[in-house]
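Structure first, commentary second.
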Amino acid sequence: MAAAAVLAVLGLAYVIDLFVTSGTVERGTTVAGVDVGGLTPQEAQARLAAEAADNYGAPVEIHAHGVTATIDPATSGLTADVDASVAAAGTRSANPFVRLTSFWGGRDLPMVVSVDRPALSAVVAGIAAQTDTAPVEGEVGIDSTATGPTVREVTPVVGATLQVDPAVDAIATSWAQGGDRSLAALDLPTTEQPVRAGADATAAAATQVRTLLSAPVVLDANGTPVEIGADRIAAATTIAPDAGDGFTVAVDTARLRADSTAAVEATQQAPKDATISIQGAGDAAAPVVSPSENGRTVDWAATEAALASAVQGTQRTVPVTYTEAAPAFTTEQANALGIKEVVGEFTTGGFASSSGVNIRVVAQKVDGAIVKPGDTFGLNAFTGTRGTAEGYVEAGVIQDGRLSTAVGGGISQFATTLYNAAYFAGMDDVTHTPHSFYISRYPAGREATVYDGEIELAFKNPYDTGVLIQTIWTSGDITVRLWGTKHVQVESVRGEKYDYTSAPRVVIPYGQSCSASSGSQGFSIVDTRVVKDLAGAEIRRENFTTVYNGQPNVVCQPPPAAATPAPSTAAAAPGTSAAPAPAAEPAPAAEPAPAG
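Numbering-wise, the working numbering comes out as the position in the sequence shown, counting from 1, plus 32.
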């Protein structure tokens, strides 16, 4: 009974609602946000027409990739169809369920619009011309200005291309949903045109370059400041795209420091070798070792590494790195040579003043020379060329077996003195050449000559201790002393002269350079070197045989006599004959010119 009553009430309510709302738009219906529910079609049409006039006709701004453009519906093929929109909304349904749910729900319908797609596409293409942007690549560089180098930074900009067909669809849909209101909030679809380098990477590279150029870098070269200015830093800097989205900023440190190399390397210090010199005179003379000193050289690899770090930061002073340079001859090596006493000595004299000049020059050159254990000393090899440029003068020599003069003459006297000092010091004879004829101021069979580039005097130090050569020159004599450690005693035993030869006679034609000489006999002689140990026991004997030629008897031919008038008759007196002209005597074969 109660249920029947409820059904009766509901049925009555349905009939009343159907009667009251018949012919009107369904309750809760909106078109493009405009409420038309419960209105008659005519009322709905009037309301939507007002809406169309307000929101579907005026030009409206739209956006694409941050760029604003204006679209005018009237010229863009967009038209709001009010009648079709009302028709789409329809009138009330007789379905009791639909009527019941309309009290709690509703419908939101779009405005029915007509779209002239070709016209709208043309308008959108025009918008694309305004909104499309080409990408701008990021850039970092260095520009030279009157005030110095400056950083050039171009911020990258991503490009955009408007998608015309999707944009037309979006405009049509948005237009139907809310007219001008919807279009104003619409961001048209675009395709981005990417750039290689991002804004952050570009800014980071620019900051890095600004740091490079922020201040000079100073190389502290052992207390001497050497400045590298911003201009040079800029010249040594390269900026290039990296493999990703950024930049590689590189500094060529070798180029950066190139102009500073000389100034920095001027602070280097060459190592100083130990030296051994004879100090004092007479019995007080003794070898003294002057100690060696380490030097320093610039370690450019380490310095450039520190420079590369400093130029990238704010600490702009770079201490130059040095490596220790050891001397070639150290104090320890000098002391180890055992140079402590005279082991051989000889003196010669009687030279001419011009020869004395050359002997002094060569003595100064050789003084202090050290012959290490196992080494060979060669006089020519040690002194090099002996010419006027080296301070030598013209003096006596033996030329083609006769006395003559040449630059560097007289050196053989020094060679003989050195040879004898080495002889008595127990040095090994490597090579020596006696003079071609005997010179009385030298010991027969124990002397030597030299000739630049051809005839050498050389001896070898056979001991495990070193030898220092000391030379003492005066205007009247030359002394050579060899200092070292005494290992042996040496005695010279000279034999008798034998195999005498007569002096060759040489006639020099008138007009040629000539120094007359009475000549002397030639002979042979044997000198025996007896070597004993320090206890006096004989170790060995060495025989040196020397063959001297006779010194030529040089005859300087006088000038020819004045011509005598011929007799009136050509025939000679009975028993006489014309004297033949003297035949020229052949000149002896040439030989190298020893230096005195």
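Built from N, CA and C at the ideal position, the CB exists for glycine as well.
ask   = Considering only residues of the same chain and omitting the five flanking positions on each side of Gly410, which have a CB-CB separation below 6 Å?
value = Glu488, Ala490
message = Which residue wins for smallest C-alpha separation from Asp496, given the options Ile203, Ala334, Gly345, Val403?
response = Val403
task = Can you have a look at Ser309 and say buried or exposed, based on whether 16 or more other CB atoms are within 10 angstroms of its CB?
result = exposed
ask   = According to DSSP, what are the bridge partners of Cys588?
value = Ile540
ask   = Cα separation between Arg131 and Ser117?
value = Because Arg131 sits at a pLDDT of 47, beneath the cut-off of 50, its placement in the model cannot be relied upon, and the following sentence gives the value as read from the coordinates. If I take the Cα positions, the gap works out to 21 Å.
ask   = If we count the other Cβ atoms within 10 Å of its Cβ and call it buried at 16 or more, is Val183 buried or exposed?
value = buried
Three-way DSSP call (helix, strand, coil) for Thr243 in this model = helix
request  = For Glu570, collect the residues of the same chain with a Cβ closer than 7 Å to its Cβ; drop the 5 residues on either side in sequence, then sort them by chain order.
outcome  = Val562, Lys564
key: Counted within 10 angstroms of its Cβ, other Cβ atoms place Asp232 as buried (16 or more) or exposed   = exposed
ask   = For the candidate residues Gly276, Gln300, Arg264, Ala302, whose alpha-carbon lies nearest to that of Asp284?
value = Arg264
inquiry  = My output table needs one value for Phe361: the three-state DSSP class, helix, strand or coil.
reply    = coil
ask   = Does the distance from the CB of Ser153 to the CB of Val196 come in under 8 Å?
value = yes
inquiry  = Spatial neighbours of Lys397 within its chain, please: C-beta separation below 7 Å, excluding the five flanking residues on both sides.
reply    = Thr415
query = Grouping DSSP H, G and I as helix and E and B as strand, with all else coil, what is Leu218?
reply = coil
request  = State the Cα-Cα distance for the pair Ala358 and Pro248, rounded to the nearest angstrom.
outcome  = 34 Å
task = On a CA-only basis, which of Asp115, Thr111, Thr205, Thr223 is nearest Ala166? Give me that one, please.
result = Thr223
request  = Report the residue from Tyr455, Ser387, Gly261 whose alpha carbon sits nearest the alpha carbon of Glu426.
outcome  = Ser387
Rounded straight-line distance, which links the Cα of Lys492 to that of Arg579 = In the sequence under discussion, the amino acid at residue 579 is Val, which differs from the Arg named in the question. Straight-line Cα distance between these residues: approximately 24 Å.
inquiry  = If distances are taken between C-alpha atoms only, which option among Gly345, Pro198, Val350 comes closest to Asn254?
reply    = Val350
ask   = Roughly how many angstroms separate the alpha carbons of Val374 and Asp460, rounded to a whole number?
value = 17 Å
request  = Report the partner residues of Asn575 according to the DSSP bridge assignment.
outcome  = Thr560
query = By a C-beta neighbour count over all protein chains shown, 10 Å radius and 16 as the cutoff for buried, is Val320 buried or exposed?
reply = exposed
ask   = In angstroms, rounded to a whole number, what distance separates the CA positions of Ser292 and Gln225?
value = 47 Å
ask   = DSSP puts Trp515 in a beta bridge; with which residues?
value = Val374, Leu500
message = Quick check on this structure: which residue in Ala216, Asp212, Leu244 has the alpha carbon closest to the alpha carbon of Pro181?
response = Leu244
query = Could you give the residue range of the alpha helix (DSSP H) that holds Val168?
reply = Element bounds for Val168: n/a, residue is neither H nor E.
request  = Look at Ser206 and Leu215 and say whether their C-beta atoms are less than 8 Å apart.
outcome  = yes
request  = With a threshold of 16 other CB atoms inside 10 Å of the CB of Gly508, please say whether the residue is buried or exposed.
outcome  = exposed
ask   = In three-state terms, what does DSSP make of Phe383?
value = coil
request  = For the alpha helix (DSSP H) containing Gln162, list its first residue and its last residue.
outcome  = 149-163
message = I'd like the list of long-range same chain contacts for Thr353, defined as Cβ closer than 8 Å, with 5 residues on each side in sequence excluded.
response = Val330, Asp331, Ala334, Thr335, Ala338
ask   = Looking at Gly70 and Met143, is the spacing between their C-beta atoms short of 8 Å?
value = no
query = CA-CA distance, Gln300 and Pro257?
reply = 14 Å
For Thr511, the nearest candidate out of Ala535, Gly568, Ala453, Ser550 (CA to CA) = Ala453
ask   = Can you find at least 3 beta carbon pairs, one from the region 516-523 and one from the region 546-555, that sit closer than 8 Å?
value = no
ask   = Which residues bound the beta strand (DSSP E) around Ile94?
value = 92-96
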